[in-house]
Amino acid sequence: MMAGLRMAKNNNKQLRHYLRTTTMIIYGVALLAVCTLAGVIVGDFLGVLLGVKSNVGGVGIAMILLICARLYMHRNGGMSKECEFGVGFWGAMYIPVVVAMAAQQNVVTALHGGPVALLAAVGAVLVCGLTIALISRSHRGEPLPALEPSPETQAQVAPAGGR
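Shown next as structure tokens:
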């Protein structure tokens with residue numbers, strides 16, 4: 001690796017090719033880090049203001065800041081195409097992780113909360129299921145038109161090798 005870098009230093013074109021093929025540039029991480037840090041600080045400050053010993057909405061604030069910063073930079077031409085793809089990637093990775101973390105905290109809290117929290121959870125699931133059943137029975141809709149049979153109704157056997 002070092003020999004390739006030393007050899008590529010002599011020629012600028014070789015150096016660019018070497019860096020392009022051997023390194024992975026992660027775009028948008030600085031913007032994500034700044035938004036996350038700002039969201040955590042604001043969430044902690046809100047927790048102190050409300051008298052709660054916890055971060056209040058810091059992750060949500062960070063996501064909103066990331067979306068606003070991305071839109072602002074996109075409108076003003078401050079974001080390259082690669083950076084936009086990177087921010088989109090990290091935003092897409094960030095949301096499922098945060099939702100999973102929040103869901104885990106809610107389940108742990110509910111289990112420690114006693115039977116009332118569990119009954120509320122079961123009740124919510126039942127109400128959702130009954131609502132879906134009621135909606136599906138009340139709005140029948142129109143059936144799809146019948147498909148016309150295709151001219152080749154017999155299955156064809158492919159020779160060995162899959163072709």
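No gaps in the numbering here: position 110 of the sequence shown is 110 in full-length UniProt numbering, and each next residue is one more.
Glycine residues also receive a C-beta, built at the ideal position from the N, C-alpha and C atoms.
Please report how far the alpha carbon of residue i lies from the alpha carbon of residue j, in whole angstroms.
i: residue 149; j: residue 68; result: 52 Å
i: residue 77; j: residue 90; result: 20 Å
i: residue 138; j: residue 129; result: 14 Å
i: residue 41; j: residue 99; result: 20 Å
i: residue 74; j: residue 115; result: 49 Å
i: residue 113; j: residue 122; result: 14 Å
Going by the C-beta, is residue i closer than 7 Å to any heavy atom of the ligand COA?
i: residue 99; result: Here there are no bound small molecules, and the ligand COA is not part of this structure.
Tell me whether residue i sits in a helix, a strand or coil according to DSSP, three-state version.
i: residue 84; result: helix
i: residue 141; result: coil
i: residue 53; result: coil
i: residue 96; result: helix
i: residue 146; result: coil
Output the boundary residues of the alpha helix (DSSP H) element that contains residue i.
i: residue 73; result: 58-75
i: residue 129; result: 115-138
Is the segment 89-98 touching the segment 54-65 in the sense that three or more CB pairs, one from each, lie closer than 8 Å? yes
Does the segment 25-37 come close enough to the segment 78-90 to have 3 or more Cβ pairs within less than 8 Å? yes
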